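Below is one structure, written out as structure tokens, with a few remarks after it.
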Amino acid sequence: MPPPRWLPVPAGTQRGAAQWLDEQTGAWLAAMASHHRDNPGCPFRASSQLGRAWGGPSLFPGAPDAEAAAGPGCRQRAALGTLPLSLRLALAGCDSGFGQQAARHLDSMGFKVFASVLDLESAGAKELRQSCSPGLTLLQMDLTKPEDIRKAQQLVQPQTASTGLWGLVNNAGFDDTIADAELSPLCKFRTCMDVNFFGTLELTKALLPLLRSSRGRIVTISSPAGDMPYPCLAAYGTSKAALTLLMDTFRSELEPWGVKVSVILPGYFKTGTSCDPAFWHEKKEQLLASLPADLLQAYGEEYIHEINKQFVKFMKIANEDLSLVVNSIADALISVSPAARYYPGRGMRLMYFIHHYLPSVIRDLFLKAFFINQKLPRALQPKPQNGWDCGGQVSSGRSTDLFTG
692 MPPPRWLPVP AGTQRGAAQW LDEQTGAWLA AMASHHRDNP GCPFRASSQL
742 GRAWGGPSLF PGAPDAEAAA GPGCRQRAAL GTLPLSLRLA LAGCDSGFGQ
792 QAARHLDSMG FKVFASVLDL ESAGAKELRQ SCSPGLTLLQ MDLTKPEDIR
842 KAQQLVQPQT ASTGLWGLVN NAGFDDTIAD AELSPLCKFR TCMDVNFFGT
892 LELTKALLPL LRSSRGRIVT ISSPAGDMPY PCLAAYGTSK AALTLLMDTF
942 RSELEPWGVK VSVILPGYFK TGTSCDPAFW HEKKEQLLAS LPADLLQAYG
992 EEYIHEINKQ FVKFMKIANE DLSLVVNSIA DALISVSPAA RYYPGRGMRL
1042 MYFIHHYLPS VIRDLFLKAF FINQKLPRAL QPKPQNGWDC GGQVSSGRST
1092 DLFTG
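Be aware that the sequence shown starts at 692, since it is given in the numbering used here, and climbs by one per residue.
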């Protein structure tokens, strides 16, 4: 079917700048980094690149753009009646966090939303029923179960046969391990890949015919941990690295079909169990109980306790305002020229500049200082020199070698 026709949009409509206004320096540097990454060998022109990053017309006449949605100080959102109400969106992972808030926000904008949850009777599902319009449809879906994805496809397909599916928002994600790669059970790597990569891939492929027919949008929440070697996030980070590369490939391959693909790489936000110390304490104890004796001896229990302690401390910087991410999702769905990547969150663009342009030793030190700085494992810690007191005097009658412990 042909793509929907839209009225001309006045030039100069702004999008996307407000969420980065508190990061002007980082945004400037990241614009340069992004330009060199996407256009190798092409000179950087600040005015054109920043203009492209911070400006662009809105796809729907009268629809809220990113500036209007960005919060205080921006102009009032346009009336819902100006949106084409026939448009359908599918959102995966709406039990809590970004997915739940995005479902509410997009429903309030006038979209017809299919929102998937793990449990139709969960608190998150009940909250969506109470706060959203009858235009929102809840679907029960576990991305690790192909039959759930097939059922969702069978429900969505007849309701989008005439209009197509305008957008798919991949938000579902999983991580419950904070530990070195060697300490992380292999099953955790598999679960992260099953949910974060394979489940998202299967859902996207199932809905692609509907997205192609409307020349629609795919918006995927990935993570900076898939681009940078965050300490103790190997299982999660590798799955997100695969996901980001997959979406970049889709973006290239689906361009002839008119389908636009965006990846959102949020900073650290307070969502679900990500900032629940009790949850992570329980996972730490489960990890300790599962480790082989030789591995536990090499690293030491105190090593794992210290990692957990640092992560709990890191939780304090989590941003409770999820609107930056929600507005990025909305912008990727309604902008004429959505960005290939969005970086919502304080300092994210500066982090990417450091990642792209500074030596690896500096990058690694920065990530450890910012996130988790592991102590030496027990087996690598200096051993006490037996038979010597702190003044360097022999404290026993036994022969003592300074170089043995």
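Even for Gly, the Cβ is constructed at its ideal location relative to N, Cα and C.
These numbers come from a predicted model, not from an experiment.
On a Cα-Cα basis, can you pick out the residue from the options that is closest to residue i?
i: Ala-1031; options: Gln-848, Asp-939, Asp-798, Arg-841; result: Asp-939
i: Leu-901; options: Ala-863, Ile-995, Ala-843; result: Ala-843
i: Leu-829; options: Pro-1029, Pro-849, Ser-822, Val-808; result: Val-808
i: Glu-818; options: Asp-985, Gln-792, Ala-925, Met-832; result: Gln-792
i: Gly-1036; options: Phe-1061, Ile-1045, Ala-1009, Phe-1062; result: Ala-1009
i: Asp-798; options: Ala-1021, Val-847, Ile-998; result: Ala-1021
i: Cys-878; options: Pro-1068, Ala-926, Ala-932, Ile-1053; result: Ala-926
i: Leu-780; options: Leu-846, Ser-813, Leu-811, Ala-816; result: Leu-846
i: Met-1042; options: Lys-974, Ser-1026, Phe-1062; result: Phe-1062
i: Pro-968; options: Leu-1071, Ser-813, Asp-867, Thr-854; result: Asp-867
i: Leu-1067; options: Asp-871, Gly-890, Val-1027, Gly-949; result: Asp-871
i: Ser-1026; options: Gly-907, Tyr-994, Gly-928; result: Gly-907
i: His-796; options: Leu-811, Ser-824, Ser-943, Ser-813; result: Ser-824
i: Ala-1070; options: Glu-992, Gln-831, Phe-880; result: Glu-992
i: Ala-794; options: Ala-816, Asp-810, Asn-1064; result: Ala-816
i: Tyr-959; options: Pro-983, Leu-899, Val-1003; result: Val-1003
i: Thr-854; options: Phe-889, Pro-876, Ser-905; result: Ser-905
i: Glu-973; options: Gln-988, Lys-1000, Pro-983; result: Lys-1000
In angstroms with no decimal places, state the Cα-to-Cα distance between residue i and residue j.
i: Cys-1099; j: Lys-961; result: No statement about residue 1099 is possible, as the shown extent of the chain runs from 692 to 1096 and does not include it.
i: Pro-778; j: Pro-837; result: Note that residue 778 is Leu in the sequence shown here, rather than Pro. Between Leu-778 and Pro-837, the C-alpha separation is close to 26 Å.
i: Leu-934; j: Phe-970; result: 25 Å
i: Asp-985; j: Gln-821; result: 52 Å
i: Asp-1055; j: Pro-922; result: 9 Å
i: Ser-965; j: Gln-1076; result: 43 Å
i: Tyr-990; j: Leu-874; result: 9 Å
i: Met-800; j: Gly-826; result: 11 Å
i: Lys-803; j: His-996; result: 46 Å
i: Thr-851; j: Leu-1024; result: 17 Å
i: Ile-840; j: Leu-834; result: 7 Å
i: Tyr-1034; j: Met-919; result: 14 Å
i: Leu-945; j: Lys-951; result: 7 Å
i: Leu-892; j: Ala-806; result: 17 Å
i: Asp-1012; j: Gly-1038; result: 15 Å
i: Lys-896; j: Lys-1074; result: 56 Å
i: Gly-790; j: Gly-917; result: 20 Å
i: Lys-1059; j: Phe-1005; result: 11 Å
i: Thr-716; j: Phe-1044; result: Bear in mind that the predicted position of Thr-716 carries a pLDDT of just 39, short of 50, making it too unreliable to give a figure here.
i: Phe-941; j: Trp-948; result: 11 Å
i: His-1047; j: Ile-1053; result: 11 Å
i: Leu-1049; j: Lys-1007; result: 27 Å
i: Arg-903; j: Gln-848; result: 13 Å
i: Leu-856; j: Ser-1051; result: 43 Å
i: Gly-649; j: Ala-980; result: Residue 649 lies beyond the stretch modelled for the chain, which goes from 692 to 1096, so this question has no answer here.
i: Ser-930; j: Thr-882; result: 9 Å
i: Phe-1057; j: Asn-1064; result: 10 Å
i: Phe-889; j: Arg-1040; result: 28 Å
Mapping the DSSP letters down to three states, classify residue i as helix, strand or coil.
i: Val-950; result: coil
i: Ile-912; result: strand
i: Phe-802; result: coil
i: Leu-1049; result: coil
i: Asp-985; result: helix
i: Arg-1054; result: helix
i: His-727; result: The pLDDT assigned to His-727 is 47, lower than 50, so where the model puts this residue is not dependable, and the model offers no usable value.
i: Arg-736; result: Confidence in Arg-736 is poor, its pLDDT being 40 and thus under 50, which makes the residue's placement too unreliable to answer from.
i: Phe-1062; result: coil
i: Gln-848; result: helix
i: Thr-854; result: coil
i: Met-919; result: coil
i: Ser-824; result: coil
i: Lys-842; result: helix
i: Lys-1074; result: coil
i: Ala-933; result: helix
i: Thr-704; result: Residue placement at Thr-704 is flagged as unreliable, the pLDDT there being 33, under the threshold of 50; the coordinate-derived value follows with that caveat. Three-state result, Thr-704: coil.
i: Leu-978; result: helix
i: Lys-836; result: coil
i: Asp-967; result: coil
i: Gly-1038; result: coil
i: Arg-906; result: coil
i: Gly-991; result: coil
Check whether the Cβ of residue i lies closer than 8 Å to any heavy atom of the ligand SAH, and answer yes or no.
i: Gly-826; result: Questions concerning the ligand SAH fall outside what the structure shown contains, since it holds no ligand whatsoever.
Taking the DSSP output, what are the residues bridged to residue i?
i: Gln-831; result: Val-808
i: Arg-1032; result: Val-954
i: Ala-783; result: Asn-861
i: Phe-960; result: Asn-1010
i: Leu-924; result: Ala-870
Step through the CB atoms of chain B and report whether any lies within less than 9 Å of the CB of residue i.
i: Thr-935; result: The structure shown contains no chain B; it is built from a single protein chain.
*Inspect the CB distances between the region 943–962 and the region 1016–1029 and report whether three or more fall short of 8 Å.*
Under the Cβ criterion (8 Å, minimum of three pairs), the region 943–962 counts as touching the region 1016–1029.
*Taking one C-beta from the region 900–916 and one from the region 856–866 each time, how about it: are there three or more such pairs within less than 8 Å?*
Yes, they touch.
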